[in-house]
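Residue 102 in the UniProt record's numbering sits at position 102 of the sequence shown, with consecutive numbering throughout.
Think of the CB as a built atom: it goes at the ideal place given N, C-alpha and C, for glycine as much as any other residue.
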Amino acid sequence: MKAIVIGAGIGGLCAAIGLRRRGWQVTVLERAPRFGEVGAGLTLMANGLRGLDALGVGDAVRAAGRADAPGGTRTASGRWISRIDPGAMDRLRGTAALGIHRAKLHEMLRAALPATAIVTAAEVTAVGQQVTYRHGGVTTTGDAALVVAADGIDSAVRAQLWPGHPGPVHSGSTAWLGVTGPWSGARAAAISWGPGAEFGTVPLGDGRVYWFAAVNAPAGLRCDDAMAALRARFGDWHAPVPALLDATDPASVIRTDLRHLATPLPSYVHGHVALLGDAAHAMTPNLGQGANQAIEDAVVLAALCGPRDDVPAALAAYDRLRRPRSQQVARAAAQIGRLGQQLSNPVAVGLRNALMRMTPSRVALRSMARHADWTAPPVPDTSATS
């Protein structure tokens with residue numbers, strides 16, 4: 001039985017790995033012409049790591065990441081508001097959060113698939129009973145018993161199948177993402193808050209540090225010199241923020257408006273098509289759950305839907321399981337953003353910080369970790385017998 005996955009991002013590749021384990025013949029259609037070191041870093045929480053374990057790639061990913069960094073939340077001056085011991089997170093959820101470069105994770109997921117399974121420079125033009133795409137100047141129409149739309153926040157499949165949905169909207173914030181060169185300074189998986197702004201750091205497994213900076217700003221904010229703008233906004237923040245900026249190639253910095261699906265979809269399923277990841281539930285990054293929720297989607301879909309199963313029934317179960325959880329996480333991420341990075345009133349900021357300092361660390365940790373409290377269903381490897 002044939003399955004087509006549209007989009008070779010993290011969620012799409014995980015879906016392809018899982019479906020191949022179940023015995024599907026999988027083709028992944030990716031619009032980009034090639035893969036490279038794009039993007040920056042990300043944090044894999046306990047739920048994402050358990051999902052990767054279910055797909056058979058968890059150990060390799062852990063070996064490539066960094067999971068032993070202390071963390072917490074600080075003010076722009078460097079005063080700690082709360083601290084997180086990575087050992088405590090390990091004890092609570094069975095694994096500490098892992099920092100890894102997105103490109104490295106992407107490379108490892110691609111390596112778990114046959115090279116022939118991924119078709120790059122493939123532009124999908126129609127999805128229905130069949131999938132039509134253009135590749136190398138040729139238009140191809142293929143049948144598939146299952147189609148997985150993992151084509152991102154601006155999903156063309158979502159727009160086609162749910163034409164009345166408003167799509168992604170601006171959250172009110174703009175972010176810059178960067179990765180340092182080799183870094184020998186302090187390493188912490190931490191976030192610092194100032195009025196209407198935040199700066200976060202995630203140590204990576206290769207000795208570099210991924211950082212992100214976000215400010216309240218209208219959509220489409222542009223500046224001629226991104227690094228100059230970052231230094232003007234964050235140059236007087238506590239160490240090592242200025243040094244991290246100095247250690248980053250300005251040409252590699254990515255600016256992005258933070259958008260999300262503020263209007264939840266009524267379903268993640270349309271016929272034999274299942275939406276996955278940002279196509280289904282794009283969320284703000286304030287909980288670090290975007291990639292983790294996409295991994296969860298992929299694992300649940302693969303666990304429910306084998307090539308000999310009743311596909312409509314399996315997809316109905318996928319929607320029933322995934323939509324409430326992922327949409328709840330998306331709502332929580334937006335709320336955390338409003339109470340965290342986006343909060344700008346000095347009185348409100350002071351009150352928030354005071355309340356956080358008074359919260360026992362174990363209570364704060366449980367609150368933060370509750371979204372990672374997920375057990376991956378088994379994805380049996382029946383590929384050799386299918």
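Check                                                                                                                   : Outcome
Span separating the alpha-carbon of THR120 from that of GLY58                                                           : 25 Å
Outcome for TRP176 when other beta-carbon atoms lying within 10 angstroms are tallied against a minimum of 16           : buried
Nearest-angstrom Cα separation, counted from ARG187 out to ASP297                                                       : 31 Å
Simplified DSSP assignment, three categories, for HIS121                                                                : In the sequence on display, residue 121 carries Ala and not His. Residue state, collapsed to three classes: coil.
Exposed unless 16 or more other CB atoms sit within 10 angstroms - verdict on GLN129                                    : exposed
CB contact flag (GLY11, ILE100, <9 Å)                                                                                   : no
Top-ranked residue by Cα proximity to ALA8, from ASP154, ALA219, ARG110, LEU321                                         : ARG110
Extent of the continuous beta strand (DSSP E) to which TRP194 belongs                                                   : Residue identity check: residue 194 is Gly in the sequence provided, not Trp. Segment 189–194, the beta strand (DSSP E) holding GLY194.
Simplified DSSP state of VAL241, which is helix, strand or coil                                                         : helix
Three-state secondary structure assigned by DSSP to ALA32                                                               : coil
Start and end residues, beta strand (DSSP E) containing ARG259                                                          : 254–260
Identity of the residue in ILE153, ASN286, VAL157 nearest TRP127 by Cα                                                  : The question names Trp, yet the displayed sequence has Val at residue 127. Closest option to VAL127, Cα to Cα, is VAL157.
When ALA219, LEU55, ALA46 are compared against LEU19, the one with the closest alpha-carbon                             : LEU55
Element boundaries [beta strand (DSSP E), containing SER367]                                                            : Per DSSP, SER367 belongs to no beta strand (DSSP E); it is in the alpha helix (DSSP H), 361–369.
Reduced DSSP category for LEU42 - H, G, I as helix; E, B as strand; rest coil                                           : strand
7 Å CB neighbourhood of TYR133 in its chain, flanking five on each side removed                                         : LEU29, ALA122, GLU123, VAL124, THR125, THR140
Which of helix, strand or coil DSSP assigns to ALA129                                                                   : As written in the sequence, residue 129 is Gln, which differs from the Ala given in the question. Of the three classes helix, strand and coil, the one that applies to GLN129 here is coil, per DSSP.
CA nearest to the CA of VAL131, picked from ASP224, SER171, GLY164, THR27                                               : THR27
Beta-ladder partner(s) of GLN25, from DSSP                                                                              : LYS2
Contact between the region 39–51 and the region 150–167 (3+ Cβ pairs under 8 Å)                                         : no
Residue burial classification, GLU37 (beta-carbon count within 10 angstroms, cutoff 16)                                 : exposed
Through-space distance from PRO266 to GLN25, alpha-carbon basis                                                         : 29 Å
Proximity test, Cβ basis, 9 Å: SER155 and chain B                                                                       : This model lacks chain B altogether; it includes just one protein chain.
Cβ contact (3+ pairs, closer than 8 Å) linking the region 303–322 and the region 164–171                                : no
Residues of its chain near GLY196, where Cβ-Cβ distance is below 8 Å and the 5 sequence neighbours each way are ignored : VAL215, ASN216, GLN341, GLN342, LEU343, SER344
Cβ neighbour criterion (16 or more within 10 Å) applied to GLY350                                                       : exposed
Contacting residues, own chain, Cβ-Cβ under 7 Å from VAL329 (five flanking each side not counted)                       : MET283, LEU287, GLN289, GLN293, HIS371
Cβ neighbour criterion (16 or more within 10 Å) applied to TRP193                                                       : buried
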